[in-house]
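Everything below concerns the one structure shown next.
There are 2 protein chains.
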Amino acid sequence: MEQKKLKLADLAKLAGVSTSTASRALNNNPVIKQQTREHVQLLAKKYNFSLNTAASRLRLQKTNVIAVIINLDAHTEQSIDDPFLLKVVSDINQAVNRRGYELLLSNSYMAGDDWHGYFIDGRRADGLIVVGQGKQQKNIDTAAKNGAPLVVWGDPKTPSNYPIVGSNNYVGGYQATMHLLEQGASKLLFLGDSGHAEIGERYRGFNNALEAHQAKGAAKLLKIDITSQAAYTAINNLLRGEGLNFDGIVACSDMVALGALKALKERYVSVPNDVRIVGFDDIAMADISHPSLSSVKQNTREAAKLLVDKLLNQLNGEECMSQEVEIELVCRQSSQ
Amino acid sequence: MEQKKLKLADLAKLAGVSTSTASRALNNNPVIKQQTREHVQLLAKKYNFSLNTAASRLRLQKTNVIAVIINLDAHTEQSIDDPFLLKVVSDINQAVNRRGYELLLSNSYMAGDDWHGYFIDGRRADGLIVVGQGKQQKNIDTAAKNGAPLVVWGDPKTPSNYPIVGSNNYVGGYQATMHLLEQGASKLLFLGDSGHAEIGERYRGFNNALEAHQAKGAAKLLKIDITSQAAYTAINNLLRGEGLNFDGIVACSDMVALGALKALKERYVSVPNDVRIVGFDDIAMADISHPSLSSVKQNTREAAKLLVDKLLNQLNGEECMSQEVEIELVCRQSSQ
DNA sequence: GATGTTTTTGCAAACGTTTGCAATTTATTT
DNA sequence: AAATAAATTGCAAACGTTTGCAAAAACATC
């Protein structure tokens, strides 16, 4: 039942020691006699004692919280339900927890524009993990400039004075494209907004693969939002307008690929016979789709670990660099 | 650049007033002269001032944080990447923000068993939103008993002394089943673990629909985990073992339905001609799947709003009741 | 101009930790 | 047993807000 919350002083009294001793005992400070430590800790457990983190944070000037900011371009805000993004958050959550930190889930709506002020000065978190560079990284830049410990999930090749962790998007785009070419496709379509940093890299890989294969001319870029709906519409329009003038698609995400796939199926274009497709991300659906979707797998688990490690290193005053995570092309039915 | 953080006292000095006046001015306390308030607020903006929330929380005994706990059965822990769950979290995030609260994303790993102690006594949050009842709700019960302000996403029909918000699962199961029967299916399969509260309700609806349609005998329950993989395997095994002895599937989630769909397609069972399927949740993929997947749509947006409202009401000392959110059957190609 | 009333401000305490330093207790040495 | 060293504990200050209460300032009334 509702009983008055125990404070450290109360616990100390129960244990017959001073507050300071109780504090040190709980923190397993070796300066306190082993026996006393155990005694206090036992009582703490018995009475379900927990420290007031507000007081603790105030005193220590440290929150043990990491804020994760979902940083999306305003008008695509909907795409927050791209399973991939959420997978990233979920993996970050795990990695953060494993390091003994808590995760404050946030977004530009709450944080406004001054992330350093809001999170760091406001003592809401010790550091920030930004998921997604967005198209303009002004907020990120100024937060970093103001000294906010900060790491970003995005395109590691982007020059920056904060560490960016992300996949080797160039290689991903290259491999996906090369794979399609090797399977015999020759008139390729790239689906995605090349203005976005990560996707731009994939597109660069796409182009270079074409060049290496001397197939440059027959390629086309369809700049669309990163949603399955946009892809569905785009492919539909294309088929209606120009007919089937391509035989391979490199999509900037699996959701986009799946949207395209649906449009093709509805118009009785056979995948992979008439058109081969490769997606990006390797979300769970890629395997479940029919035909199953070939995809460039991003190692979000490892990336999450790196992000957190780099952030904690920053908190310890170390300099950190951007880092690429290797990708892997997973070949399934849609491309062969 | 890195400058010493401004504290309220500094801001007060800059404004030429006392700390208390500055505090009241920032909180727009009408006892302070309008002109003074504006003056202080202007300076605050100019210097990017933000209050130290640690100090503020300590003083106010209030955090303005709501903790969201993803409460999954241990062995299915993987299913955290079910897009539906993450959609729920995302919607809760929005609703929480809209009320001016922040969202601490947590799980049993961090919180341990004593949620009241960890979150409430520990002053990490003012209240809890638990996503998923799990199969055993011991942690929830004791947290509530200890007086933690608490709401749960789950099956609202479950008797409890805390509010549960969730879909009308019974009606969902009933409607999905009735729809299949009306479309001519007669040998139905229910895919999902009926031991789980919400799914149990759906199964009850399933059975009652069969009864109402005098088709009870021909139904079968396949108890499987809530993952597409489990569904894929189960359907595959069933087809291999007994052949195609069913013509309709009610799945406990879309991911499950999609797993089943894949197994069927691979064995050249036509959907919806040979087998009709209805899923549950109406995730984005339902629409993109081919054939598109009929599904019982859960209104997570509204549910999230209700959850947060009920929680905040509790914080204001009001009693709250469980509440059902209406569902809607979305008919697509897979069932007709 | 003295008095009373209202508006506006400031003083100082409190929220519950943690920690430097001094004080005490215990162990070791002579 | 006294003197010294080492281990263990406690005192009190500090972290940065918010707020009850009293004081000061501004205004109104006679």
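Chains B and X supply the protein sequences, listed in that same order. The numbers in this note's numbering rise by one with no breaks, and the one at position 68 of the first sequence is 68. So the number in this note's numbering is just where the residue sits in the second sequence, counting from 1, plus 1000. Cβ atoms here follow ideal geometry from the backbone N, Cα and C, with glycine treated the same way. For clarity, every value in this text was computed on a predicted model and none was experimentally measured.
Opposing strand residues paired with X/Gln1323 [DSSP bridges]: X/Val1165, per the DSSP bridge assignment.
Rounded distance between the beta-carbons of X/Ala1125 and X/Ala1067, thought under 8 Å: That pair is a contact at about 4 Å.
Separation of B/Asn313 from B/Glu319, as counted between CA atoms: Approximately 8 Å, taken between the alpha carbons.
7 Å CB neighbourhood of B/Pro272 in its chain, flanking five on each side removed: Listed in chain order, the non-local C-beta contacts of B/Pro272 below 7 Å within the same chain comprise Pro291, Gln333, Ser334, Ser335 and Gln336, local neighbours out to five positions each way being set aside.
Partner residues on chain X for B/Thr63, Cβ-Cβ distance less than 9 Å: Contact note: B/Thr63 reaches chain X through Thr1053 and Ala1054, using a C-beta cutoff of 9 Å and chain order.
Nearest to B/Thr142 (by Cα), restricted to the options B/Tyr118, B/Lys305, B/Val256 and B/Val308: The alpha carbon of B/Thr142 has as its nearest neighbour, out of B/Tyr118, B/Lys305, B/Val256 and B/Val308, the alpha carbon of B/Tyr118.
Contacts of X/Met1285 in chain B (Cβ-Cβ under 9 Å): Neighbourhood of X/Met1285 in chain B, by CB distance below 9 Å: Pro83, Ser228, Met255, Leu258, Met285, Ile288 and Ser289, in chain order.
Exposure of X/Asn959, with buried meaning 16 or more beta-carbon neighbours within 10 Å: Residue 959 of chain X lies beyond the residue range present for chain X, which begins at 1001 and ends at 1336; the question has no answer from this structure.
Cut-off 8 Å between Cβ atoms - residues of its own chain near X/Tyr1232, not counting five sequence neighbours on either side: Spatial neighbours of X/Tyr1232 in its own chain (CB-CB distance under 8 Å, excluding positions within 5 residues in sequence) are listed in chain order as Gly1259, Ala1260, Lys1262 and Ala1263.
Backbone CA spacing between X/Thr1063 and X/Leu1085 [nearest angstrom]: It is roughly 26 Å from the alpha-carbon of X/Thr1063 to the alpha-carbon of X/Leu1085.
Nearest candidate by alpha-carbon position, reference B/Met110, set X/Gly1112, X/Ala1095, X/Asp1121 and X/Gly1122: It is X/Ala1095 whose Cα lies nearest to the Cα of B/Met110.
Rounded distance between the beta-carbons of B/Val296 and B/Val325, thought under 8 Å: Rounded, the Cβ-Cβ distance is 12 Å, inconsistent with contact.
N-terminal and C-terminal residue of the alpha helix (DSSP H) that B/Ala251 is part of: Counted as a single uninterrupted DSSP element, the stretch harbouring B/Ala251 is not any alpha helix (DSSP H) but the beta strand (DSSP E) occupying residues Gly248 to Ala251.
Continuous alpha helix (DSSP H) assignments of at least 4 residues falling wholly in the region 187 to 269 of chain B: Annotation: the region 187 to 269 of chain B contains the following complete segments of the alpha helix (DSSP H) (minimum length 4 residues), in chain order: 197 to 212, 228 to 242 and 254 to 266.
Short-range partners of chain B found in the region 1259 to 1270 of chain X, where Cβ spacing is below 8 Å: Here the close residues are Gly1259, Leu1261, Lys1262, Lys1265 and Glu1266.
Rounded separation between B/Ser79 and B/Asn71 - CA only: Model confidence at B/Ser79 stands at a pLDDT of 48, short of 50, so the residue's coordinates are unreliable; what they give is reported in the following sentence. One C-alpha to the other measures close to 11 Å.
Near the ligand FAD: X/Gln1137 beta-carbon under 6 Å from a heavy atom: The ligand FAD is not among the ligands present in this structure, which contains no ligands whatsoever.
The region 222 to 238 of chain B contacting the region 180 to 193 of chain B, beta-carbon criterion three pairs below 8 Å: Result yes; three or more Cβ-Cβ pairs closer than 8 Å.
Nearest-angstrom Cα separation, counted from B/Phe246 out to B/Val275: C-alpha separation (whole angstroms): 7 Å.
Bridge partner(s) assigned by DSSP for X/Glu1132: It is worth fixing the name first, because residue 1132 of chain X is Gly in this sequence and not Glu. Per DSSP, X/Gly1132 has no beta-bridge partner at all.
X/Lys1005, DSSP secondary structure in three states: Under the three-state reduction of DSSP output, X/Lys1005 falls in the coil class, being neither helix nor strand.
Simplified DSSP assignment, three categories, for X/Ser1090: Here X/Ser1090 sits in helix by DSSP.
Residue environment, X/Gln1035, which counts as buried when at least 16 other CB atoms sit within 10 Å: Result: exposed.
Residues bridged to B/Gly127 [DSSP beta-bridge criterion]: In DSSP, B/Gly127 forms a bridge with B/Ile66.
Bounding residues of the alpha helix (DSSP H) (the contiguous stretch that carries B/Glu302): Counting along the chain, the alpha helix (DSSP H) containing B/Glu302 begins and ends at Thr300 to Leu315.
Three-state secondary structure (DSSP) of B/Ile277: Of the three classes helix, strand and coil, the one that applies to B/Ile277 here is strand, per DSSP.
X/Gln1229 versus X/Gln1214, X/Asp1254, X/Val1065 and X/Glu1242, residue with shortest Cα-Cα distance: Among X/Gln1214, X/Asp1254, X/Val1065 and X/Glu1242, the Cα nearest to that of X/Gln1229 is on X/Asp1254.
Proximity below 7 Å, CB of X/Leu1011 to CB of X/Phe1049: Yes; because the gap between Cβ atoms is below 7 Å, this pair is in contact.
Three-state secondary structure (DSSP) of B/Asn97: Helix.
Own chain partners of X/Ser1194 with C-beta closer than 7 Å, once the 5 adjacent residues on each side are dropped: Cβ within range, chain order: Gly1200, Tyr1203, Leu1221 and Lys1223.
X/Met1178 versus X/Gly1205: straight-line alpha-carbon distance, rounded: Looking at the two C-alpha atoms, the distance is approximately 9 Å.
X/Glu1077 versus X/Asn1029: straight-line alpha-carbon distance, rounded: Only weak support is given to the placement of X/Glu1077: the predicted model assigns it a pLDDT of 47, under 50, and the question is left unresolved by the model.
Pair within 7 Å by beta-carbon distance, B/Leu307 and B/Ile129: In contact: B/Leu307 and B/Ile129 (Cβ atoms closer than 7 Å).
Inter-residue CB distance, X/Glu1198 and X/Gly1166 (contact presumed, cutoff 8 Å): The Cβ separation is near 6 Å, so the contact holds.
Proximity of B/Arg37 and B/Ala22 at Cβ, strictly below 7 Å: The answer is no: Cβ separation not under 7 Å.
Residue-chain proximity (X/Lys1005, chain B), Cβ-Cβ < 7 Å: Closer than 7 Å to the CB of X/Lys1005 there is at least one CB belonging to chain B.
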